[in-house]
Amino acid sequence: MPIPVNCPCGTGTPYEICCGMYHNNPGTAPTAEVLMRSRYTAFAISDFDYIAATQKIKDDPKQTTADIKDSNEHTQWIKLEINEVEEGLEKDKQGVVSFSAHFKEGKHIGRLSERSIFKKTKGQWFYISGEHEVQKNTPLVNSEGMKIGRNDPCSCGSGKKFKKCCAVN
Numbered sequence: 001m002p003i004p005v006n007c008p009c010g011t012g013t014p015y016e017i018c019c020g021m022y023h024n025n026p027g028t029a030p031t032a033e034v035l036m037r038s039r040y041t042a043f044a045i046s047d048f049d050y051i052a053a054t055q056k057i058k059d060d061p062k063q064t065t066a067d068i069k070d071s072n073e074h075t076q077w078i079k080l081e082i083n084e085v086e087e088g089l090e091k092d093k094q095g096v097v098s099f100s101a102h103f104k105e106g107k108h109i110g111r112l113s114e115r116s117i118f119k120k121t122k123g124q125w126f127y128i129s130g131e132h133e134v135q136k137n138t139p140l141v142n143s144e145g146m147k148i149g150r151n152d153p154c155s156c157g158s159g160k161k162f163k164k165c166c167a168v169n
């Protein structure tokens with residue numbers, strides 16, 4: 001998938017100076033929230049190697065990059081909303097990030113709401129586990145920061161114009 005100009009994580013910052021920095025240097029995210037945003041962006045641009053490198057899942061420690069790709073390759077991530085952050089700062093050893101991620105699969109849209117748990121080991125943040133709920137066929141509520149014109153590049157990173165991509169019902 002082509003690399004988007006603006007970072008899919010929703011900061012409004014160019015990808016290369018936002019999550020792109022962490023994708024090029026796994027293990028350098030300074031906080032749990034930054035790691036969560038960079039992982040969302042990795043899902044959005046299909047960088048499954050980064051996802052595998054930044055997790056130590058308790059329930060599935062042997063999950064491979066191929067496993068991650070198989071379960072996510074048909075999902076188009078549209079928008080990220082951070083709902084709450086508990087700890088997870090540079091000085092902390094653990095943190096929790098609650099978020100909602102809007103997605104599209106085929107003609108269906110939905111929202112993944114998750115409370116993700118992160119742990120810092122030897123100076124590096126890792127995704128450990130999460131409690132999530134998936135709601136199908138949810139309306140995508142656009143914030144002021146998400147407004148894009150029909151002829152603007154789609155925020156999902158597909159490289160297509162918005163009107164030919166996520167704007168299509």
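Numbered according to UniProt numbering, the sequence shown spans residues 1 to 169.
The beta-carbon is built from N, C-alpha and C at its ideal position, and this holds for glycine as well.
### Message
For residue 175 and G106, I'd like the C-alpha separation in whole angstroms.
### Response
A query on residue 175 cannot be resolved here, the shown segment of the chain reaching from 1 to 169 and no further.
### Task
Check whether the Cβ atoms of H102 and K69 sit closer than 8 Å, and answer yes or no.
For H102 and K69, no; Cβs fall outside 8 Å.
### Query
How long is the line joining the alpha carbons of E86 and V96, rounded to whole angstroms?
Between E86 and V96, the C-alpha separation is close to 5 Å.
### Query
Going by other Cβ atoms of all chains shown within 10 Å of its Cβ, with 16 needed for buried, is H23 buried or exposed?
Its Cβ being crowded by 16 or more others within 10 Å, H23 is buried.
#### Entry: Same chain, Cβ closer than 6 Å to G10, five either side skipped, listed in chain order
Within the same chain, L80 come within 6 Å of G10 by CB-CB distance, once the 5 residues on both sides are set aside.
#### Entry: Residue from S98, E84, C165, R37 with nearest C-alpha to I109
It is C165 whose Cα lies nearest to the Cα of I109.
### Task
Report the option in R111, K104, E16, N25 whose CA atom is closest to the CA atom of A53.
Residue N25 is the option with its Cα nearest to A53.
#### Entry: Nearest-angstrom Cα separation, counted from G20 out to H132
Roughly 26 Å between the two C-alpha positions.
### Message
Could you pull the DSSP bridge partners for I82 from this structure?
### Response
Under the DSSP definition of a beta bridge, I82 partners with F99.
### Task
Return the chain-ordered list of same chain residues with a C-beta closer than 8 Å to the C-beta of Q63, the five sequence neighbours on each side being excluded.
Short of 8 Å from the beta carbon of Q63, and not among the five residues preceding or following it, lie these beta carbons of its own chain, in chain order: A52, Q55, I57.
#### Entry: Span of the alpha helix (DSSP H), counted from its first residue to its last, around L35
Residues 32-44.
### Task
For A136, collect the residues of the same chain with a Cβ closer than 7 Å to its Cβ; drop the 5 residues on either side in sequence, then sort them by chain order.
Reading off the sequence shown, one finds Lys at residue 136, where the question assumed Ala. Around K136: H108, G110.
### Task
Could you tell me whether the Cβ atoms of S113 and Y127 are closer together than 8 Å?
Contact: no.
#### Entry: Limits of the alpha helix (DSSP H) - the one that Y50 falls within
Its alpha helix (DSSP H) spans residues 48-53.
### Task
Taking all protein chains shown into account, decide if A66 is buried (16 or more other Cβ within 10 angstroms of its Cβ) or exposed.
By the 10 Å Cβ count, A66 comes out exposed.
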